[in-house]
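Chemist: Quick note: the sequence shown uses this note's numbering, first residue 1, plus one each step. My questions will all concern the structure given below.
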Amino acid sequence: AQPACPRFLATKLLRMFVTPQPSDELIQHVAALYRRNDLTTGPVLRALCRSAEFFAREHRRSIIKSPLDFVLGTLRPLADEIRWPAVVDVLAKLGQDVFEPPSVKGWDGGRQWIHSTAWVQRWNCLTTLLHRSDLATLRAGGVLEAVDPVAAWELLFLGGQISADGHAAVARQWSNTSGSSRERRLRTLHSLLSLPEYQLM
1 AQPACPRFLA TKLLRMFVTP QPSDELIQHV AALYRRNDLT TGPVLRALCR SAEFFAREHR
61 RSIIKSPLDF VLGTLRPLAD EIRWPAVVDV LAKLGQDVFE PPSVKGWDGG RQWIHSTAWV
121 QRWNCLTTLL HRSDLATLRA GGVLEAVDPV AAWELLFLGG QISADGHAAV ARQWSNTSGS
181 SRERRLRTLH SLLSLPEYQL M
């Protein structure tokens, strides 16, 4: 293999799973793992996902979610069953047709996922996903009936890591929305899942 290959693979892996701007020290560390594992990604990824760097605070919410990350991350807590044909259709509308990548390297990702048009598409996609959901998983987990539903949903979808402004906006939506309990929940969830921090992982 080319001498530069371990470093090239390490950089790609770190940008995909840890941070879009990995330090040279971190790249060298992962490149060394590649050399020790004969350029096999499986053991390197396993070690990386167990490392302190993977969980480091400075790397949290540093990667923009792809449509796939965004849609599946939204559906898992909401639906007890994922209907794949509908999901594939939504992903295509968001610019990630999983069966038709733009080239052999796939998608560029990063800020390409979050330009102004894509933001509006995500907003509309959320409306569709939420109104199609019966919220069964939230109900089964007791999250719908929590004493403080806003705090419970923030913990579920954002790990409780939400800006003061974001929390205030979601709490305001919950307090000010009238109508049925379902409509109130859907509008508040939409407000939460539209926050900038939810677009990151």
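Glycine included, every Cβ here is placed at the ideal spot set by N, Cα and C. Note that the structure is a prediction, hence the values are computed from the model and not measured.
Check whether the Cβ atoms of L94 and P67 lie closer than 7 Å to each other.
Modeler: Counted from its first residue, the sequence shown places residue 94 at position 94. Counted from its first residue, the sequence shown places residue 67 at position 67. Going by C-beta atoms, L94 is nearer than 7 Å to P67.
Chemist: Are W113 and I63 closer than 7 Å when you measure CB to CB?
Modeler: Looking up residue 113 in the sequence shown gives position 113. Looking up residue 63 in the sequence shown gives position 63. Against a cut-off of 7 Å, the Cβ pair of I63 and W113 comes out as no contact.
Chemist: Could you tell me the alpha carbon to alpha carbon distance between L200 and R61, rounded to whole angstroms?
Modeler: Position 200 of the sequence shown, counting from 1, holds the residue named residue 200. Position 61 of the sequence shown, counting from 1, holds the residue named residue 61. When rounded, the distance between both Cα atoms is 5 Å.
Chemist: Work out the CA separation of R36 and I27 for me, nearest whole Å.
Modeler: Taking the first residue of the sequence shown as position 1, residue 27 is located at position 27. Taking the first residue of the sequence shown as position 1, residue 36 is located at position 36. The alpha-carbon atoms of I27 and R36 are separated by roughly 14 Å.
Chemist: Less than 7 Å separating the beta-carbons of G166 and L129?
Modeler: Along the sequence shown, read from residue 1 onward, the residue named residue 166 stands at position 166. Along the sequence shown, read from residue 1 onward, the residue named residue 129 stands at position 129. Cβ atoms of G166 and L129: not closer than 7 Å.
Chemist: Please list the segments of the alpha helix (DSSP H) lying wholly inside the region 29-89, counting only runs of 4 or more residues, in order along the chain.
Modeler: Correct list: 41-49, 52-55 and 67-78.
Chemist: If you drop the 5 nearest sequence neighbours on each side, which residues of the same chain put their C-beta closer than 6 Å to that of V150?
Modeler: If you number the sequence shown from 1, residue 150 lands on position 150. So the qualifying residues of the chain are V170, A171 and W174.
Chemist: Could you please give me the residues that DSSP links to L200 through a beta bridge?
Modeler: For the purposes of this step, residue 200 is taken as residue 200 along the sequence shown, with counting starting at 1. According to DSSP, L200 bridges with I64.
Chemist: Does DSSP put V98 in a helix, in a strand, or in coil?
Modeler: Here the question's residue 98 lines up with position 98 in the sequence shown. Here V98 sits in coil by DSSP.
Chemist: Whole-angstrom Cβ separation of V30 and A10, contact assumed at under 8 Å?
Modeler: Here residue 30 refers to the residue found at position 30 when the sequence shown is read from its first residue. Here residue 10 refers to the residue found at position 10 when the sequence shown is read from its first residue. Going by Cβ atoms, the distance from V30 to A10 rounds to 4 Å, so yes, they are a contact pair.
Chemist: By Cβ distance, which residues of its chain are closer than 7 Å to Q121, with the 5 residues on each side in sequence left out?
Modeler: Indexing the sequence shown from 1 puts residue 121 at position 121. K93 and L94, listed in sequence order.
Chemist: Pair every Cβ in the region 44-59 with every Cβ in the region 174-187, then say whether three or more of these pairs are closer than 8 Å.
Modeler: The region 44-59 is not in contact with the region 174-187.
Chemist: Tell me the DSSP secondary structure of D134 in three-state form.
Modeler: For this step, residue 134 is matched to residue 134 along the sequence shown. It is coil, neither helix nor strand.
Chemist: Could you check which residue in Q161, S133 and H115 has the C-alpha nearest to that of H190?
Modeler: On the sequence shown, position 190 is the one that residue 190 refers to. Ranking Q161, S133 and H115 by Cα distance to H190 puts S133 first.
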